[in-house]
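First residue of the sequence shown: -1, per this note's numbering; consecutive thereafter.
Below is one structure, written out as structure tokens; comments come after it.
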Amino acid sequence: MAFTLLSPHFEPMGEIPTKYTCDGQNVSPALQWRNPPEGTKSFALIVDDPDIPFGIKDSHGKILSIWDHWVLFNIPSSVSELPEAIQSLPAGTQNGQGSHGKEGYYGPCPPDKRHRYFFKLYALDTFLSLAEGVTKQEVEEAMKGHIIGKTELMGTYARPERL
């Protein structure tokens, strides 16, 4: 069986419901994963949007090519799901910082057209020695050489007034 990531709220390549976006309640969808590789010690979750228009800047003024919506790492291997509208992270799990300059989930909010949102879950053979609030780039750098599996779920969203 393959390492898989699913949500009960949207199908792979399907529309992300408004509830989980800036046009709704802006809460995280529930996520569930199955069949992680043997030897998994922790997971990292990165949610990003590669379809942002050129010239969009992060909270520090840096021009981005991808907008980071959610960064979590050190999710223990005993965890196989995150609940909808998560308030309390599993013990040991740490938040990274998204492009909006804050920790935690920030839902889809495309400024121009329909965008793709990639929920990427990495199985790691270690825990990452990083501080709370690091960037996606710092998490990706720390994961190098420790990724033993990866799965992703892609959903799309377009704001109603931009269709």
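From the three backbone atoms N, C-alpha and C, an ideal C-beta is built for every residue, glycine too.
Distance between residue j and residue i (C-alpha atoms, nearest Å)
| i | j | result |
| --- | --- | --- |
| residue 156 | residue 47 | 12 Å |
| residue 107 | residue 19 | 6 Å |
| residue 38 | residue 134 | 20 Å |
| residue 69 | residue 45 | 7 Å |
| residue 162 | residue 21 | With the chain represented from -1 up to 161, any question about residue 162 goes unanswered, as that position is not in the structure. |
| residue 32 | residue 126 | 22 Å |
| residue 124 | residue 117 | 21 Å |
| residue 64 | residue 27 | 20 Å |
Assigned secondary structure, residue i (DSSP; H/G/I helix, E/B strand, else coil)
| i | result |
| --- | --- |
| residue 39 | coil |
| residue 152 | strand |
| residue 111 | coil |
| residue 74 | strand |
| residue 2 | strand |
| residue 17 | helix |
| residue 159 | helix |
| residue 82 | coil |
| residue 101 | strand |
| residue 50 | coil |
| residue 121 | strand |
| residue 25 | coil |
Presumed contact (8 Å Cβ cut-off) between residue i and residue j, rounded CB distance
| i | j | result |
| --- | --- | --- |
| residue 119 | residue 141 | 12 Å between Cβ atoms; not a contact. |
| residue 62 | residue 54 | 5 Å |
| residue 80 | residue 3 | So it is not a contact: roughly 10 Å between Cβ atoms. |
| residue 71 | residue 137 | 5 Å |
| residue 51 | residue 109 | 7 Å |
| residue 149 | residue 1 | 5 Å |
| residue 12 | residue 57 | About 30 Å separates the two Cβ atoms, so there is no contact after all. |
Limits of the unbroken alpha helix (DSSP H) element including residue i
| i | result |
| --- | --- |
| residue 135 | 134 to 141 |
Chain B contact for residue i (CB, 8 Å cutoff)
| i | result |
| --- | --- |
| residue 12 | Among the chains in the structure shown there is no chain B, since it carries only a single protein chain. |
Residue range of the unbroken beta strand (DSSP E) whose run includes residue i
| i | result |
| --- | --- |
| residue 32 | 29 to 32 |
Just checking, does the stretch 143 to 155 make contact with the stretch 82 to 91 on the three C-beta pairs under 8 Å criterion? Using a C-beta cut-off of 8 Å, the stretch 143 to 155 makes no contact with the stretch 82 to 91, since fewer than three inter-stretch Cβ pairs fall below that distance.
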